[in-house]
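In this text, residue positions in the sequence shown follow the numbering used here: the first is 100, and each later residue adds one. Worksheet: one structure, shown below.
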Amino acid sequence: HSHNLGRIVSHPSVEDVDLNLDYKNLDTFALKLEVEKTKYEISRLEKSVGSDGTNGQGPEAEGDEDLEDFEIETFQIPEHCIPIRADIKHFDWDALAKSVQFDVILMDPPWLLAGSQPTRGVALGYEQLTNQTIQSIPIPKLQKSGFLFIWVINSRYTFALDLFNIWGYQFVDDISWVKSTVNRRMAKGHGFYLQHAKETCLVGLKGTEVAYRANIGSDVIYSERRGQSQKPQEIYHLIENLVPHGKYLEIFARRNNLRNHWVSIGLE
100 HSHNLGRIVS
110 HPSVEDVDLN
120 LDYKNLDTFA
130 LKLEVEKTKY
140 EISRLEKSVG
150 SDGTNGQGPE
160 AEGDEDLEDF
170 EIETFQIPEH
180 CIPIRADIKH
190 FDWDALAKSV
200 QFDVILMDPP
210 WLLAGSQPTR
220 GVALGYEQLT
230 NQTIQSIPIP
240 KLQKSGFLFI
250 WVINSRYTFA
260 LDLFNIWGYQ
270 FVDDISWVKS
280 TVNRRMAKGH
290 GFYLQHAKET
300 CLVGLKGTEV
310 AYRANIGSDV
320 IYSERRGQSQ
330 KPQEIYHLIE
340 NLVPHGKYLE
350 IFARRNNLRN
360 HWVSIGLE
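Below you can see the structure in the form of structure tokens.
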């Protein structure tokens, strides 16, 4: 029910969101979220078992069956993050750009997969976007100088490099996430020509005003694969080490990506 919980943090505009990273109101926000989650769970349970406790079978139900054990999922929002649930196609990017300029932007676009059966038996839980829609995000307005990190799939590698040029960035590096199993073996997935065991994040740089630490970290992340489209936590560690105390923005963020000192925008 993550999409239901996501509506709690919906923001039709950014006018009421403190983009200067002042977190004094987030305790109240987190409390309201917990209240809304509790209300949602009560509603879900009532629909499942019937508000009269008859497991939804009406007054004739004998009630001799044990009720299903429900596992209530809890989620704690990081204290110093700014989550904004919004559709990037309709988000007020101009208002955000006027409020803050970011040192680092991280994107994991839901690329439109190629082919007649692009998922090869893998069900996608998100909407795919065209190249034109992704290109329409006004990245240059959000960052006058800084780093841009884009997770890319093989069929969109060239287009992502074109985006760097269109948005005014120089391609400077790439990061490979090599996936492992719980047994620390290489985790292979579906591919067209070859089985895929890694994902790639391209790195672009624009301007000279952003302060960063050179020659740090590694361009290879070796960590356990996660849920569908979930990226490794190490990418955040790397970014925060590269640009300490920066202003960070993630576009197409998901609930599992919410992180202290980041502005996170997405529908999931």
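Note that beta-carbon positions come from the ideal geometry of N, C-alpha and C, so glycine has one too.
Own chain partners of Ile320 with C-beta closer than 6 Å, once the 5 adjacent residues on each side are dropped: Cβ neighbours of Ile320 beyond the five flanking positions: Trp276, Pro331, Glu333.
Same chain, Cβ closer than 8 Å to Pro177, neighbours up to 5 away in sequence not counted: Around Pro177: Leu357, Arg358, Asn359.
Minimum C-alpha distance to Glu298 - residue among Asn282, Asp318, Arg283: Selection Asn282, Asp318, Arg283 evaluated against Glu298 yields Asp318 as nearest (Cα-Cα).
Classification of Val134 by the beta-carbon crowding that lies within 10 angstroms, buried from 16 upward: exposed
Segments of 3+ residues assigned as beta strand (DSSP E) that fall wholly inside the region 306-342: DSSP runs (the beta strand (DSSP E)) wholly in the region 306-342: 319-323.
DSSP-derived helix/strand/coil call for Val134: helix
Nearest neighbour of Glu308, chosen from Ser244, Trp266, Asn340, Asn253 [CA to CA]: Ser244
Straight-line gap, His189 to Phe351 (C-alpha atoms, nearest Å): 13 Å
Where Arg358 sits in the DSSP three-state scheme: coil
Cβ-based burial, Tyr292 [other Cβ within 10 Å; buried from 16]: exposed
For Phe248, three-class secondary structure by DSSP: strand
Secondary structure of Asp165, DSSP reduced to three states: Because the pLDDT of Asp165 is 49, which lies under 50, any placement of that residue in the model is unreliable, and the question is left without a value.
Inter-residue spacing [alpha-carbon to alpha-carbon] between Leu260 and Phe270: 7 Å
Per-residue burial, Gly345 [other beta carbons within 10 Å of its own, 16 or more giving buried]: Counting of Cβ neighbours within 10 angstroms places Gly345 among the buried residues, the total reaching 16 or more.
Ile315 classed as buried or exposed, judged by whether at least 16 other C-beta atoms fall within 10 angstroms: exposed
Stretch-stretch touch, CB-based, cutoff 8 Å, three pairs: the region 232-242 with the region 187-203: yes
Bridge partners - Val277, DSSP secondary structure assignment: Lys297, Tyr321
Where Ile236 falls: helix, strand or coil (DSSP): coil
Outcome for Gly290 when other beta-carbon atoms lying within 10 angstroms are tallied against a minimum of 16: exposed
Cutoff 7 Å; reference Asp273; Cβ partners in own chain excluding five residues on either side: Thr299, Cys300, Leu301, Val302, Asp318
CB of Asp186 within 8 Å of CB of Leu366, strictly: yes
Top-ranked residue by Cα proximity to Gly267, from Glu323, Ile141, Phe246: Nearest neighbour of Gly267 by Cα position, chosen from Glu323, Ile141, Phe246, turns out to be Phe246.
Backbone CA spacing between Trp250 and Phe174 [nearest angstrom]: 25 Å
Option nearest Lys287 by Cα separation, candidates Ala313, Leu262, Arg325: Arg325
Alpha-carbon spacing of Ala296 relative to Val362, whole angstroms: 30 Å
From Ala313, Ser279, Cys180, Gln231, residue whose alpha carbon lies closest to that of Leu262: When only C-alpha atoms are compared, the closest one is Gln231.
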